Amino acid sequence: MQVLASSLVSKEEWNLSKDEWKSRLSPESYYVLREEGTERAFSSQLNNEKRKGVFHCAGCDLPLFLSDKKYDSGTGWPSFWDSIQGSVETKIDFKLIVPRTEYHCSRCGGHQGHVFNDGPRPTGKRYCNNGLALRFVPD
């Protein structure tokens with residue numbers, strides 16, 4: 071299955087106000103997606119999701135990850151070794167002592183998690199995602 075995020079709705083349609091986001095999301099999802107928070111490890115049911123399907127942004131429903139790119143990293147967060155082309159954008163996060171690469175939904179800017187260079191082949195990447203920032207759609 072090939073899904074290209076660039077073929078979907080433009081970013082301008084997702085330039086919502088703080089109040090609009092708060093009315094659209096649960097308080098926990100708002101904290102993660104809009105305030106760049108992190109959920110507790112091993113707290114997401116999506117961590118154990120094994121069915122075929124697509125993981126979408128919980129904020130704007132943009133497809134971000136295919137289930138065949140998901141793996142058990144042992145970290146307690148849903149982890150993927152690759153994202154759907156064009157679905158995420160990265161920036162350097164200096165919130166901790168060591169800089170990390172943070173990634174967001176490319177459409178609504180919702181915080182998803184951090185990407186590390188300790189994942190499996192073929193990419194060597196580990197997209198460590200907050201489950202609250204995702205919605206799973208089974209095939």
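Numbering follows the working numbering, with no gaps: position 44 of the sequence shown is 114.
Even glycine gets a Cβ: it sits at the ideal position worked out from N, Cα and C.
Remember, predicted model here, so these are calculated numbers, not experimental data.
For residue 195, the nearest candidate out of 178, 173, 206 (CA to CA): 173
Residue of 129, 97, 142 minimising C-alpha distance to residue 117: 142
Contiguous alpha helix (DSSP H) assignments of at least 4 residues, all confined to the region 98-133: none
Alpha-carbon to alpha-carbon, residue 170 and residue 160: 10 Å
Given 8 Å, three or more beta-carbon pairs between the region 182-195 and the region 93-100: no
Per-residue burial, residue 200 [other beta carbons within 10 Å of its own, 16 or more giving buried]: buried
Beta-ladder partner(s) of residue 176, from DSSP: Answer is none; residue 176 lacks a bridge partner.
Minimum C-alpha distance to residue 124 - residue among 131, 85, 135: 135
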